[in-house]
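At position 389 of the sequence shown (counting the first as 1) the number is 388 in numbering that gives the first Met the number 0, and the numbers step up by one without a gap.
I have placed the structure first, in the form of structure tokens, so that the comments after it can refer back to it.
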Amino acid sequence: MPDMMSTGISGLRALQRALDTTSHNIANANTEGFSRQRVDFQARVPSQFGSGWIGNGVEAASVRRAYDQFLVAQTRVSGGTYERLNEFAAQAERINNMVGDSSTGLSAIMQRFANALQGVATTPASIPARETLLAEGAQLAQRLTAYDNRLAVLDRDINARFRVEASDISSIAANIAQLNGEITAAYERSNQAPNDLLDQRDRLIDQISSKLNVSVVPENNTVLNVFVGNGQALVLGTAASEITVVQDRFDPERQQLALQTPSGPIDISQNLSGGALGGLIDFRREMLDPARNSLGRMANAVTVQMNAQHRAGMDLSGALGGDFFRVGAVQISPANNNTGTATPAATRIDVGSLTEYDYVLENTAGGMALQRADTGEPVAMTGSGTVADPYLAAGLSIVTGGAAAVGDRFMIRPTRAAVAGFGLAVTDASRVAAAAPVRTSSSVANTGGATVSSGEVLDASNPALRTPATIEFTSATTYSINGSGSFTYTSGSPITQNGWSITVTGAPAVGDQFSVLDNSAGRGDNRNALLLAASLAAPALDNGTTSVAAAIERFTAEVGLQTRSAQTNRDAQAVVNRDDIAARDSVSGVNLDEEAANLLRYQQAYQAAAKVIAISSTLFDSLLGAFRR
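In structure tokens, the structure reads:
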């Protein structure tokens with residue numbers, strides 16, 4: 000019975016492979032990325048006896064892992080998307096927690112500053128009220144500066160994450176390249192799949208895809224090539240490239256991700272759309288930079304509104320008011336690969352046209368062109384860029400000094416640096432210009448029914464602003480100023496002269512006089528303080544449709560909305576990713592109950608095969624004994 004013995008031994012060997020594989024599955028039930036394995040049995044080549052065939056047992060043809068390439072790829076994509084959304088939401092929550100605080104948020108600080116302005120308007124000569132105003136103004140500047148500093152810290156944190164993750168990805172890529180070589184060698188030795196090595200490689204690719212989006216391209220059934228960004232090769236066969244950080248072309252304090260190539264690093268930051276790094280890049284572009292720019296825009300608007308009105312007022316010493324706040328200038332940074340000598344400069348000229356966007360000024364073959372930095376959208380620009388005829392666009396006046404080479408680029412940040420230079424320009428409480436520098440009076444000899452307004456300042460820089468002027472009516476519809484001219488009178492229409500404006504209403508009599516006088520004797524009135532308070536509520540931003548107070552409320556609301564949207568998207572994607580993982584694990588995951596059943600089934604089969612060998616041995620021994628007799 001040698002054939003029976005051989006058949007039994009083949010069963011033992013095959014079932015031993017099955018038991019080994021089952022125990023391997025059980026041992027790796029909790030191993031991340033492990034795919035359960037199954038032994039494929041096949042009957043051995045039979046032997047012919049006469050007119051029939053007799054089987055020769057079984058053999059383990061291969062050990063195959065339970066693997067669905069489509070489900071793995073789907074899980075990889077959904078996992079990378081979840082990591083991107085999760086990272087974005089986590090960073091957004093940091094900004095929301097900062098600006099949304101009810102006691103230290105921007106809205107609360109701005110309201111306290113507005114209340115202090117009202118306090119000066121109520122008691123304009125009060126030094127304590129003026130000191131309170133300066134204290135609240137300083138607090139407003141400090142809060143905005145603290146917010147901007149905190150956002151700058153977030154930016155530096157992203158730089159640090161880039162450095163750590165770049166090193167980690169490079170190490171993983173090197174391991175993938177090494178595994179490509181080991182897997183190829185294993186195939187060549189045995190023509191069988193080294194399942195555990197395949198799982199290790201897949202797990203490493205999953206780790207990279209959780210950090211940034213990748214595409215995987217098979218080669219020769221053994222090698223997986225990995226590409227990142229816009230199709231740049233991270234792993235090609237047994238060769239791996241490095242991910243590094245490089246200095247941003249416009250900002251030496253900001254770093255970007257790059258792929259090292261023989262010709263130098265290639266910036267891939269703008270082409271990353273998945274993974275945690277993609278989430279950081281999205282957050283920086285969609286929320287961090289706009290938030291910093293919005294803070295700067297609001298600081299600039301507060302400065303412009305307050306300064307314009309403060310200069311139109313008069314302080315306790317009888318002097319005209321100066322700037323109330325100071326603010327940082329427009330920031331222009333040349334690209335680090337420029338070759339020309341141009342040094343553009345820009346100033347803000349229209350607070351209502353300023354946006355939260357940054358712009359790129361590029362010297363093209365057709366001349367200078369302006370575009371949004373985030374989208375590349377062209378921005379209309381007039382002028383020639385000279386001092387006499389500057390470029391005008393987006394609320395800016397731009398002068399290009401020097402000679403720009405074709406291709407030279409400049410980043411223009413209209414409001415980013417505004418907060419860095421934001422602070423009080425007034426430090427002496429007596430210098431708060433709460434009063435108006437001019438006043439009006441009516442002659443006691445007037446006989447008509449006309450009345451005159453208190454007057455307002457249109458141009459505080461006019462040297463004749465405080466020069467007394469007398470308006471005398473030469474008829475019911477005409478008047479002269481200081482005895483000169485004959486001007487047409489319309490009730491309620493403004494009368495302007497020497498940088499001031501008044502309004503006469505009603506029917507004057509011939510000879511009626513109204514005077515515009517220096518208000519030095521009334522240094523403690525509150526007319527300009529009232530106008531200062533009103534300036535914060537005046538629509539100045541968004542082409543004169545949004546007040547500073549409303550802009551702050553909208554900024555806070557938008558941050559909260561972005562955060563909630565990010566959280567919702569993250570939570571929804573978590574469900575998708577869990578479903579994809581469950582679908583993948585239903586194919587590849589280890590089911591301990593199933594493996595335990597297999598263990599018993601293979602054990603019984605093994606025992607039966609051993610019994611076949613035992614019986615074969617007994618029969619063979621009996622046969623030998625018969626021949627001995």
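For each residue, glycine too, the CB sits at the ideal point set by N, CA and C.
Cut-off 6 Å between Cβ atoms - residues of its own chain near residue i, not counting five sequence neighbours on either side
i    : result
A344 : V398
M3   : S615
V611 : G7
L457 : G498 and S500
L27  : Correcting the residue type first, residue 27 is Asn in the shown sequence and not Leu. Contacts found: F33.
A714 : Within the shown structure, residues of the chain are numbered from 0 to 628, placing residue 714 beyond reach of any answer.
R253 : D247
N229 : N270
Close-in-space but distant-in-sequence residues of the same chain around residue i (CB under 8 Å, 5 per side omitted)
i    : result
E355 : P289, N292, S293, R296 and T414
N179 : R200, T221, V222, L223, V234, G236 and T237
A694 : There is no way to answer for residue 694, as the model of the chain reaches only from 0 to 628.
A402 : G339, T340 and A341
A613 : none
A416 : G295, G327, A328, V329 and Q330
L423 : L133, G136, A137, A140, F323, F324 and R325
T439 : V451, S452, S453, G454, I501, F513, S514, V515 and L516
First through last residue of the beta strand (DSSP E) which encompasses residue i
i    : result
V398 : L395 to G400
D39  : Q36 to A42
A368 : G366 to R371
R361 : Per the sequence shown, residue 361 should be read as Glu rather than Arg. Element bounds for E361: Y358 to T363.
F486 : S483 to T487
I53  : G51 to I53
T495 : P493 to Q496
T340 : First-last for T340: undefined, no H or E at that position.
L391 : Y390 to A392
P45  : From DSSP, P45 is part of no beta strand (DSSP E); its letter is neither H nor E.
S474 : First-last for S474: undefined, no H or E at that position.
S332 : Q330 to P333
Integer-rounded CB distance, given that residue j should sit under 8 Å from residue i
i    : j    : result
N518 : L464 : At roughly 11 Å, the Cβ-Cβ gap does not stay under 8 Å, so N518 and L464 are not in contact.
L531 : M286 : That pair is no contact at about 33 Å.
G277 : A341 : The pair is not a contact, with the Cβ atoms about 35 Å apart (cut-off 8 Å).
S5   : G56  : 6 Å
A392 : V378 : 6 Å
S166 : R75  : Not a contact, Cβ separation roughly 22 Å.
T476 : T487 : 6 Å
R639 : R63  : Coverage of the chain is limited to positions 0 through 628, which leaves residue 639 absent and any answer about it impossible.
R283 : D154 : 7 Å
S514 : T446 : Not really, about 16 Å apart at Cβ, beyond 8 Å.
L70  : Y605 : Between Y605 and L70 the Cβ distance is about 33 Å, and since that is not below 8 Å, they are no contact.
Cutoff 7 Å: residue i Cβ touching any chain D Cβ
i    : result
Q572 : Of the chains in the structure shown, none is chain D; there is only one protein chain.
Same chain, Cβ closer than 7 Å to residue i, five either side skipped, listed in chain order
i    : result
R160 : L279
L196 : L178, E181, I182 and A185
E631 : No information on residue 631 is available, as it lies outside the stretch 0 to 628 that the chain covers here.
G32  : D198, D201, R202 and D205
I265 : Q231, A257 and L258
S106 : I551, E552 and T555
I108 : Q138, L139 and R142
Delimiting residues of the alpha helix (DSSP H) encompassing residue i
i    : result
S316 : Careful: S316 lies outside any alpha helix (DSSP H) and carries neither H nor E.
T477 : Note, T477: premise wrong, no alpha helix (DSSP H); beta strand (DSSP E) at T477 to I480.
S22  : P1 to A26
L647 : Coverage of the chain is limited to positions 0 through 628, which leaves residue 647 absent and any answer about it impossible.
In chain order, each alpha helix (DSSP H) run of at least 4 residues that lies wholly inside the segment 498-538 = Whole alpha helix (DSSP H) segments, 4+ residues: 526-536.
Can you give, in chain order, each stretch of the alpha helix (DSSP H) that sits fully within the segment 251-312 and has at least 4 residues?
-> Counting only runs of 4 or more, we get 274-282 and 288-310.
Specify whether the segment 597-607 and the segment 124-134 touch according to this definition: at least 3 beta carbon pairs, one from each stretch, less than 8 Å apart.
-> The segment 597-607 makes no contact with the segment 124-134; the number of CB pairs closer than 8 Å stays below 3.
Can you give, in chain order, each stretch of the beta strand (DSSP E) that sits fully within the segment 554-619 and has at least 3 residues?
-> Within the segment 554-619, no complete beta strand (DSSP E) run reaches 3 residues.
Which runs of the alpha helix (DSSP H) spanning at least 4 residues fall entirely within the segment 178-259, listed in chain order?
-> List check, alpha helix (DSSP H) in window: 194-208.
Could I get the ranges of all uninterrupted alpha helix (DSSP H) runs contained in the segment 62-126, with 4 residues as the minimum, in chain order?
-> If we require 4 residues or more, the alpha helix (DSSP H) runs fully inside the segment 62-126 come out as 68-98 and 105-121.
Assess, as a yes-or-no matter, whether the segment 207-222 is touched by the segment 266-273 under the definition of 3 or more beta carbon pairs within less than 8 Å.
-> Touching, yes.
Touching by the beta-carbon criterion (3+ pairs, under 8 Å), the segment 378-388 and the segment 324-339 | With a cut-off of 8 Å, the segment 324-339 and the segment 378-388 do not count as touching, because too few Cβ pairs lie within range.
Would the segment 535-549 and the segment 444-464 be scored as touching if the rule is three or more Cβ pairs under 8 Å?
-> Counting Cβ pairs under 8 Å, fewer than three are found: no touch.
Contained beta strand (DSSP E) runs [length at least 3] in the segment 404-470, N- to C-terminal order | The qualifying runs are 408-412 and 437-441.
Kindly confirm or deny that the segment 316-329 and the segment 427-435 touch, where touching means at least three C-beta pairs closer than 8 Å.
-> Taking 8 Å as the limit for Cβ pairs, the verdict is that the segment 427-435 does touch the segment 316-329.
Counting pairs of Cβ atoms below 8 Å between the segment 566-580 and the segment 66-81, do you hit three or more?
-> The answer is yes - the segment 66-81 touches the segment 566-580, with three or more Cβ pairs under 8 Å.
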